[in-house]
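A short worksheet on the structure shown next.
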Amino acid sequence: MATNLPSFTAVDPGLYRRRKVTNAVGLVLSSVSMALGLIGLLWILWTLAYNGLSALSWDFFTKSTPAPGSEGGGMANAILGSLMIVGFAAVVSTPIGILAGVYLSEFGRSSRFAQATRFVVDIMLSAPSIVIGLFVFAIAVATVGHFSGWAGSLALSLIAIPVVVRTTENMLNLVPGSLREAAFALGAPRWKVSVSVTLRAVKGGVVTGVLLAIARMIGETAPLLFTALNNQFFSTDMAQPMANLPVVIFNFAMSPYEDWQKLAWGGAFLIALVVLAINIAARVLFRDKVQA
Amino acid sequence: MSTSATHPADDDTMKRDTQSAHSPTTQAAIAARVATFARADRWFEGLTLSFALLVLLSLAGLLVSLMYEAWPAFRAFGANFLVGTTWSPSDNVYGAVIAIYGTLATSAIALIFAVPISFGIALFLTETCPLWLRRPLGTAIELLAGVPSIIYGIWGLFVLAPLLQAWVQPLLVATGLPFFAGPPLGIGIFTAGMVLALMVIPFTASVMRDVFETVPPVLKESAYGLGCTTWEVVRNVVLPYTRVGVIGGVMLGLGRALGETMAVTFVIGNANRLAPSLFAPGNSIASTLANEFAEADPALHVPALFALGLLLFVITFFVLAAARWLTARGTRRAGI
Numbered sequence: 007m008a009t010n011l012p013s014f015t016a017v018d019p020g021l022y023r024r025r026k027v028t029n030a031v032g033l034v035l036s037s038v039s040m041a042l043g044l045i046g047l048l049w050i051l052w053t054l055a056y057n058g059l060s061a062l063s064w065d066f067f068t069k070s071t072p073a074p075g076s077e078g079g080g081m082a083n084a085i086l087g088s089l090m091i092v093g094f095a096a097v098v099s100t101p102i103g104i105l106a107g108v109y110l111s112e113f114g115r116s117s118r119f120a121q122a123t124r125f126v127v128d129i130m131l132s133a134p135s136i137v138i139g140l141f142v143f144a145i146a147v148a149t150v151g152h153f154s155g156w157a158g159s160l161a162l163s164l165i166a167i168p169v170v171v172r173t174t175e176n177m178l179n180l181v182p183g184s185l186r187e188a189a190f191a192l193g194a195p196r197w198k199v200s201v202s203v204t205l206r207a208v209k210g211g212v213v214t215g216v217l218l219a220i221a222r223m224i225g226e227t228a229p230l231l232f233t234a235l236n237n238q239f240f241s242t243d244m245a246q247p248m249a250n251l252p253v254v255i256f257n258f259a260m261s262p263y264e265d266w267q268k269l270a271w272g273g274a275f276l277i278a279l280v281v282l283a284i285n286i287a288a289r290v291l292f293r294d295k296v297q298a
Numbered sequence: 054m055s056t057s058a059t060h061p062a063d064d065d066t067m068k069r070d071t072q073s074a075h076s077p078t079t080q081a082a083i084a085a086r087v088a089t090f091a092r093a094d095r096w097f098e099g100l101t102l103s104f105a106l107l108v109l110l111s112l113a114g115l116l117v118s119l120m121y122e123a124w125p126a127f128r129a130f131g132a133n134f135l136v137g138t139t140w141s142p143s144d145n146v147y148g149a150v151i152a153i154y155g156t157l158a159t160s161a162i163a164l165i166f167a168v169p170i171s172f173g174i175a176l177f178l179t180e181t182c183p184l185w186l187r188r189p190l191g192t193a194i195e196l197l198a199g200v201p202s203i204i205y206g207i208w209g210l211f212v213l214a215p216l217l218q219a220w221v222q223p224l225l226v227a228t229g230l231p232f233f234a235g236p237p238l239g240i241g242i243f244t245a246g247m248v249l250a251l252m253v254i255p256f257t258a259s260v261m262r263d264v265f266e267t268v269p270p271v272l273k274e275s276a277y278g279l280g281c282t283t284w285e286v287v288r289n290v291v292l293p294y295t296r297v298g299v300i301g302g303v304m305l306g307l308g309r310a311l312g313e314t315m316a317v318t319f320v321i322g323n324a325n326r327l328a329p330s331l332f333a334p335g336n337s338i339a340s341t342l343a344n345e346f347a348e349a350d351p352a353l354h355v356p357a358l359f360a361l362g363l364l365l366f367v368i369t370f371f372v373l374a375a376a377r378w379l380t381a382r383g384t385r386r387a388g389i
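Encoded structure:
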């Protein structure tokens, strides 16, 4: 480390200039990187708004996806399908994720079992979502013989649970030990301390985790490709293949029909809008929590 | 209770309380109450433990079921599955090399672009950015991580691919290098790598920023005090201190890139052949699965796809495990 540092024993104006130039070049390149990142974000958002806004109409929200070759149509069945699949997955994964997070933070702590669970949670957080789709296909589609909305929900739950576990545990670890000790000193049982003291103290953070998990699920496409599949018709039957926004966007965007591609842009704009809104809302919630 | 104890007038009631607590009936009631608490506690701990166990078992179940479903393919092709260069559902011959090459090549291109840019962003956010801008700019980068992959895919297909086809690829073809040969199609391995780069940047940049922030200010201040420029401080103090965490961030980005499905499927071209040129359409493990699985023949095609999925999972597992280990080591090093 020290050998790289310039020597100051002799004043060398050339060296001084070279150092200043290197510094300037490095910092300019760093600012350019930042600009590239921002341009990427703004470019994507602008493209979405430009192509997507014109696709949004009354029909978009009220009509079902069009049959091949037919005109018009909308995304009503896909929007409803996405809401049902994601909604059900959120209802299942929230309590499981929170309670598993409580275990890691309050009971397991540094036991070997808790360490192993933490490791698995971290792997599942970044595991390829298409592999989770394969797994759910094997256990919930191949066994019953047909694709279904339930299978889609199951796949999304497996993606959401690690997100909720991780944020819940991180939040609970921020609760000062003295708060728990005060509750224990009053004679409160551990479950009551968890539910009414520590979890309540980090309510905002836990809600943030659930919101982020929902945002993640709304955009997930790969695990739905061979679990919920798609359905051209309006259907509320979770036991049957079910239309959902991401898969419809994928199919329509890759299709040769221009009005299908337009619908895909509309769907993409809608998804991006909802996901970014949830992300921003979660950040606002969380910031208030930290400052409080 | 504690407030009443400080009040001298309450001494009598205190005494009465203690006496009554020793009476047999109250004692039994308290004992019963405590027993209920203990039972409820055991029940609650068991409940939370069972959900933690569920998470653990889901990974084990995933591995077992992938192996079980992939078994017919491994039995039929053996090691040839891993080294076979033909993937042909019509001939019922399946070799994974095309898909493995596609996955590795796209991820490598992504890292070549993403690592320096992520480093630049992290450097900007921790060293040069005005304080009031740090939060909004950091949030913008994190929002980029929140954009669903299907959005990157549709953007890559309709915006980036035509742009690369018209402006970038002809220039690179003109260099005459073998891996920039062939007609500029727009879609292909190169474009998939570019889209992946944009997707990986926010993850890698966030990790790098976080580990850069763990450098004790006194170290940086000493270097500045010796007359170092910002670049020299980063190069000679920050980077050596955070090396492990930075590599962890790169590995995390690699893990994301390897397993990314939708963005790649949109722009890789979905052709099951090996071509030396990066502009040729190809296929990655994930895009093969996304394209073929729903209509695959259950006899051998589905097991072959499961085998690909297992392969992808094993590769990403090791990459992510390494990333986790390195980032944990990188951020734990607080103090000097």
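Note that the protein sequences, when read in sequence, are chains X and U.
The first sequence begins at 7 in my numbering and counts up by one.
The second sequence begins at 54 in my numbering and counts up by one.
Cβ atoms here follow ideal geometry from the backbone N, Cα and C, with glycine treated the same way.
- Given a cut-off of 7 Å, decide if T257 (chain U) and V200 (chain U) are closer than it, judged by their beta-carbon atoms. Reading the second sequence from its first residue, position 147 is the one you call residue 200 (chain U). Reading the second sequence from its first residue, position 204 is the one you call residue 257 (chain U). Not closer than 7 Å, so no.
- Query: What residues from chain X crowd round S76 (chain U), counting only those whose CB sits closer than 9 Å?
  - Reply: Position 23 of the second sequence holds residue 76 (chain U). None at all; the shortest Cβ gap to chain X is about 19 Å.
- Can you pull the DSSP bridge partners for Y147 (chain U)? Counting from 1 along the second sequence, the entry for residue 147 (chain U) is found at position 94. Its beta-bridge partners are U:W140.
- Assuming W197 (chain X) contacts F97 (chain U) under a Cβ cut-off of 8 Å, what Cβ separation, rounded to an integer in Å, is found between them? Mapped onto the first sequence, residue 197 (chain X) falls at position 191. Mapped onto the second sequence, residue 97 (chain U) falls at position 44. So it is a contact: roughly 4 Å between Cβ atoms.
- Query: Hey, how far is the Cα of T282 (chain U) from the Cα of N29 (chain X)?
  - Reply: For the purposes of this step, residue 282 (chain U) is taken as residue 229 along the second sequence, with counting starting at 1. For the purposes of this step, residue 29 (chain X) is taken as residue 23 along the first sequence, with counting starting at 1. Between T282 (chain U) and N29 (chain X), the C-alpha separation is close to 6 Å.
- Task: Answer yes or no: does any C-beta atom of chain X fall closer than 7 Å to that of E122 (chain U)?
- Result: What you label residue 122 (chain U) is simply residue 69 of the second sequence in a count that begins at 1. Yes, because at least one Cβ of chain X sits closer than 7 Å to the Cβ of E122 (chain U).
- Query: Does DSSP put F370 (chain U) in a helix, in a strand, or in coil?
  - Reply: Numbered from 1 along the second sequence, position 317 holds the residue referred to as residue 370 (chain U). The answer is helix: DSSP assigns F370 (chain U) an H, G or I state.
- Tell me which same chain residues have a C-beta within less than 8 Å of the C-beta of F67 (chain X), skipping the five on either side of it? Taking the first sequence and counting its residues from 1, one reaches residue 67 (chain X) at position 61. G80, M81, A82 and I85.
- If you compare alpha carbons, which of X:G58, X:T71 and X:L21 is closest to Q300 (chain X)? Residue 300 (chain X) is absent from the model: chain X starts at 7 and stops at 298.
- Message: Quick check on I255 (chain X) - is its C-beta less than 7 Å from some C-beta in chain U?
- Response: Residue mapping note: residue 255 (chain X) aligns to position 249 of the first sequence, counting from 1. Yes, because at least one Cβ of chain U sits closer than 7 Å to the Cβ of I255 (chain X).
- T101 (chain U) versus G139 (chain X): straight-line alpha-carbon distance, rounded: For the purposes of this step, residue 101 (chain U) is taken as the residue at position 48 of the second sequence. For the purposes of this step, residue 139 (chain X) is taken as the residue at position 133 of the first sequence. Rounded to the nearest angstrom, the two C-alpha atoms are 26 Å apart.
- Query: Among U:I174, U:L197 and U:F332, which one has its Cα closest to the Cα of G239 (chain U)?
  - Reply: Position 186 of the second sequence, counting from 1, holds the residue named residue 239 (chain U). Nearest of U:I174, U:L197 and U:F332 to G239 (chain U), Cα basis: U:F332.
- Query: In the structure shown, what three-state DSSP assignment does G322 (chain U) receive?
  - Reply: Position 269 of the second sequence, counted from the start, is the residue given in the question as residue 322 (chain U). Looking at G322 (chain U) - three-state DSSP - the assignment turns out to be strand.
- What are the uninterrupted segments assigned as alpha helix (DSSP H) that are 4 or more residues long and contained completely in the segment 55-100 of chain X, given in chain order? 64-68
- Query: To the nearest angstrom, how far is it from the Cα of P19 (chain X) to the Cα of G278 (chain U)?
  - Reply: As a first step, residue 19 (chain X) must be located in the first sequence, where it is residue number 13. As a first step, residue 278 (chain U) must be located in the second sequence, where it is residue number 225. Whole-angstrom Cα-Cα distance: 20 Å.
- Message: Are the CB atoms of L162 (chain X) and A95 (chain X) within a distance shorter than 7 Å?
- Response: By one-based count along the first sequence, residue 95 (chain X) stands at place 89. By one-based count along the first sequence, residue 162 (chain X) stands at place 156. Contact flag set, yes.
- Item | Residues within the segment 265-287 of chain U neighbouring chain X, beta-carbon criterion of under 9 Å | A276, L279, G280, C281, T282, T283, W284, E285 and V287
- Spell out whether any CB of chain U is found under 7 Å from the CB atom of R124 (chain X). In the first sequence, counting from the first residue as 1, residue 124 (chain X) sits at position 118. R124 (chain X) does not count as touching chain U.
- Pick helix, strand or coil for G335 (chain U), following the three-state DSSP scheme. Along the second sequence, read from residue 1 onward, the residue named residue 335 (chain U) stands at position 282. Three-state DSSP puts G335 (chain U) in a strand.
- chain X contacts from the segment 78-96 of chain U (Cβ-Cβ distance under 7 Å): F90, A93 and D94
- Message: Distance check for L119 (chain U) and G155 (chain U), CA to CA, integer angstroms please.
- Response: As a working mapping, residue 155 (chain U) is identified with position 102 in the second sequence. As a working mapping, residue 119 (chain U) is identified with position 66 in the second sequence. C-alpha separation (whole angstroms): 21 Å.
- Message: Counting only Cβ pairs nearer than 7 Å, list the residues of chain U close to P195 (chain X).
- Response: Position 189 of the first sequence, counted from the start, is the residue given in the question as residue 195 (chain X). Per Cβ cutoff of 7 Å: F90, A93 and D94.
- Task: List the residues of chain X that A374 (chain U) touches, going by C-beta distances under 8 Å, in chain order.
- Result: Counted from its first residue, the second sequence places residue 374 (chain U) at position 321. Here the neighbours are F125 and I129.
- alpha helix (DSSP H) segment containing P236 (chain U), residue limits: As a first step, residue 236 (chain U) is located in the second sequence; it is residue number 183 there, counting from the start. That residue, P236 (chain U), is in no alpha helix (DSSP H); it is neither H nor E in DSSP.
- Message: For the structure I just gave you, are there three or more beta carbon pairs, one from the segment 181-199 of chain X and one from the segment 123-131 of chain X, closer than 8 Å?
- Response: no
- Considering only residues of the same chain and omitting the five flanking positions on each side of I104 (chain X), which have a CB-CB separation below 7 Å? Taking the first residue of the first sequence as position 1, residue 104 (chain X) is located at position 98. Cβ neighbours of I104 (chain X) beyond the five flanking positions: V170, T174 and V212.
- Item | Where the segment 140-154 of chain X meets chain U: residues whose CB sits under 7 Å from a CB there | L140, F141, A144 and I145
- Message: Between Y56 (chain X) and chain U, is the shortest Cβ-Cβ distance under 7 Å, so that the two count as touching?
- Response: One-based indexing of the first sequence puts residue 56 (chain X) at position 50. No, Y56 (chain X) does not count as interfacial toward chain U.
- Query: So which residues of chain U does F278 (chain X) contact, with C-beta pairs closer than 9 Å?
  - Reply: For the purposes of this step, residue 278 (chain X) is identified with residue 272 of the first sequence, where counting begins at 1. With the sequence shown as reference, residue 278 (chain X) is identified as Ala, and Phe is not the correct amino acid for it. Going along chain U in sequence order, the residues near A278 (chain X) (Cβ under 9 Å) are V200, P201 and I204.
- Mind checking which residues open and close the alpha helix (DSSP H) that includes R222 (chain X)? Looking up residue 222 (chain X) in the first sequence gives position 216. From DSSP, the alpha helix (DSSP H) with R222 (chain X) extends over K209 to G225.
- Query: Closest Cβ-Cβ distance between S132 (chain X) and chain U: below 7 Å?
  - Reply: As a first step, residue 132 (chain X) must be located in the first sequence, where it is residue number 126. Chain U, which has a Cβ nearer than 7 Å to the Cβ of S132 (chain X), makes this yes.
- In the DSSP assignment, find the alpha helix (DSSP H) that holds F90 (chain U) and state where it starts and stops. Position 37 of the second sequence, counting from 1, holds the residue named residue 90 (chain U). Residues P77 to F130.
- Would P252 (chain X) be called buried (16 or more neighbouring beta carbons within 10 Å of its own) or exposed? The residue given as residue 252 (chain X) occupies position 246 in the first sequence. By the 10 Å Cβ count, P252 (chain X) comes out buried.
- Task: Measure from the C-beta of L109 (chain U) to each C-beta in chain X and report whether the shortest distance is under 7 Å.
- Result: Stepping through the second sequence from its first residue, residue 109 (chain U) is reached at position 56. Cβ-Cβ to chain X under 7 Å: yes for L109 (chain U).
- Selection of the segment 204-225 of chain U by Cβ proximity to chain X, strictly under 8 Å: I204, Y205, G206, I207, W208, L210, F211 and V212
- Message: Am I right that E195 (chain U) and S259 (chain U) are in contact with their C-beta atoms under 8 Å? What's the rounded C-beta distance?
- Response: Numbered from its first residue, the second sequence carries residue 195 (chain U) at position 142. Numbered from its first residue, the second sequence carries residue 259 (chain U) at position 206. Going by Cβ atoms, the distance from E195 (chain U) to S259 (chain U) rounds to 6 Å, so yes, they are a contact pair.
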